[in-house]
Structures are given as C-alpha cells and as structure tokens.
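S.K.:
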Amino acid sequence: MKKTLWTFGDSFTQSFSDSTDSWVKVYCDWKGYIPKVYGEILADTLQFNLMNYGRGGIDNYSIFQNVCNISDKILPNDIIIIGWTSATRFRLVDKWGEWKPIIPKFDRNARNLEDVSNNTLEEILINRTKLKYTDEVHSWIKLLNIAFPNNLVIHWSPLDRDVSKNYIENLTKIYNESNGLIDDVHYGEVGHTQLANIFSSMIKSNTSIRII
37 MKKTLWTFGD SFTQSFSDST DSWVKVYCDW KGYIPKVYGE ILADTLQFNL MNYGRGGIDN
97 YSIFQNVCNI SDKILPNDII IIGWTSATRF RLVDKWGEWK PIIPKFDRNA RNLEDVSNNT
157 LEEILINRTK LKYTDEVHSW IKLLNIAFPN NLVIHWSPLD RDVSKNYIEN LTKIYNESNG
217 LIDDVHYGEV GHTQLANIFS SMIKSNTSIR II
C-alpha cells in the first residue's frame, strides 16, 4: 500500500490550486501555470500520496483540530508535517456558528461576530502577543509526538520563531522571485522547492523531527 504524506498549516502549506486568495491568482497568472507547493513536490519525490490540510489564514487551534479530526486515518510509516502559524492568531464563533480565524494584522473589528465588541477583540489581540501562548502550542506538539510513535512528525513554522525551533524563514519569497513585481511575502515555486528540499533532508537523516 502506498504511504501518505499529511500536511497541515496555513497559507504557506495550502495548495495554490485550492486557494481563492487574490495574491495566489496574481502569482499564478504571472507564472502562466499553477506551481506546486512543498507538499506536492515532496510527495512526488517520495512517491507518497498527499493529503493537504493547509488553509489560508488559519489559526493554531484549527490546525491542531484538523490533525485530531483525521488522526484515526494516519497509518504507521506515514509522514506528518505540521506548519504551525503565529501564536497571536486565534478563533471565535461567528454569527453563522462557524469558526472564524482572527488575524491581528487584518481582523481588528468585530465583522460577523454578533456578540463580540471591537474593544473586546482589540484587547484579546493585544493579550495574544504574550509569549505564554506559545507554551500552549508546545503542549500540543508534545501530545502529537506521543500520539504518533510510528510516524515521522515534522513540526515547523514559517511565521513564529517561538512556536517551533524549526523556524524556516529565509527562503525565496514571491516578491524576490518576481523581482519585486508582486508585493507578497509567501513562498512561490522557488521557495516551496527549497522548503521541500529541507524536509527531504530531514526525512532522510531522521533529524530535527519531533522537536518543539
């Protein structure tokens, strides 16, 4: 049976073909095709199936829940890569009863949150800057490492050096790849290829896999 690569995270993990974000459309139009992200590149290299649960704008609570929700489907010797996002992000239930991720840079008013005032949201956003919230993620990492003893589990973060020691930042971003034409700091095809190579080396050497 073919093994599976499971990837979780935010917009640095989500497939370009699965995104409706405007920056993705601009980038793909500039490229003239839809490039592959690191999970797709790595799955091709390893000859694994890929299950990608990356979602743009997501928070760590939702990333952790996504892993929990499909944990019974992960088989021994599958590989799991979890890209934790900034610990300042959180989530609240919106007026439709669905989780709404809150991103400090963008969500500074209570849009679609009927029972939360702008002042409350602002205070929570300020409180989320405290380093204590990274301890919360570290506890989830510890639990997941214990929950998957027969799997390679890679924890990393593209946005928060306090969340994971595998803080991977200095890769080629879309801005650099396009020579400044597209003003965006996500990884493009070049950056995702670099990231896939980093993970490939980690998998081959079985190092830096389960660290917090």
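Quick note on our numbering: the sequence shown kicks off at 37 and runs consecutively. Beta carbons are placed, not taken as given, at the ideal position from N, Cα and C, and that holds for glycine.
1) Does the Cβ of Y169 have 16 or more other Cβ atoms within 10 Å, making it buried, or fewer, making it exposed?
2) Could you say if the stretch 203-221 and the stretch 173-190 meet the contact criterion of at least three C-beta pairs nearer than 8 angstroms?
3) Do G75 and T121 come within 8 angstroms of each other at the CB atom, strictly closer than that value?
4) My understanding is that H222 touches W59, with C-beta atoms under 8 angstroms, so please give their C-beta distance in whole angstroms.
5) Using the rule of at least 16 other Cβ atoms within 10 Å of the residue's Cβ for burial, across every protein chain shown, is N105 buried or exposed?
6) Please report the residue range of the beta strand (DSSP E) in which V129 lies.
7) Going along the chain, which unbroken runs of the beta strand (DSSP E) with 3 or more residues stay wholly within the stretch 75-113?
8) Taking the C-alpha atoms as reference points, what is the distance between I116 and P137?
9) What residue from V173, C64, E158 and I239 has the CA that sits closest to K201's CA?
10) What residues match up with L217 in a beta bridge as DSSP calls it?
11) Roughly how many angstroms separate the alpha carbons of T165 and F235, rounded to a whole number?
12) Is K44 helix, strand or coil when you go by DSSP?
13) So, does the stretch 37-55 touch the stretch 92-99, judging by three or more C-beta pairs under 8 angstroms?
M.R.: From the atom records:
1) Classification of Y169: buried, given that the 10 Å Cβ count is 16 or more.
2) Output reads no: the stretch 173-190 does not touch the stretch 203-221.
3) Against a cut-off of 8 angstroms, the Cβ pair of G75 and T121 comes out as no contact.
4) Yes, H222 and W59 are in contact; Cβ-Cβ is about 7 angstroms, under 8 angstroms.
5) The residue is exposed, with fewer than 16 neighbouring Cβ atoms inside 10 Å.
6) First-last of the beta strand (DSSP E) with V129: F126 to V129.
7) Runs of the beta strand (DSSP E) inside the stretch 75-113: 85-90.
8) Between the alpha carbons of I116 and P137 lies a gap of roughly 23 angstroms.
9) Of V173, C64, E158 and I239, the residue nearest in Cα terms is V173.
10) Beta-bridge annotation (DSSP): L217 is not paired with any residue.
11) Taking the straight line joining both Cα atoms gives about 29 angstroms.
12) The amino acid occupying residue 44 in the given sequence is Phe; Lys does not appear at that position. Note: F44 maps to strand in three-state DSSP.
13) The stretch 37-55 is in contact with the stretch 92-99.
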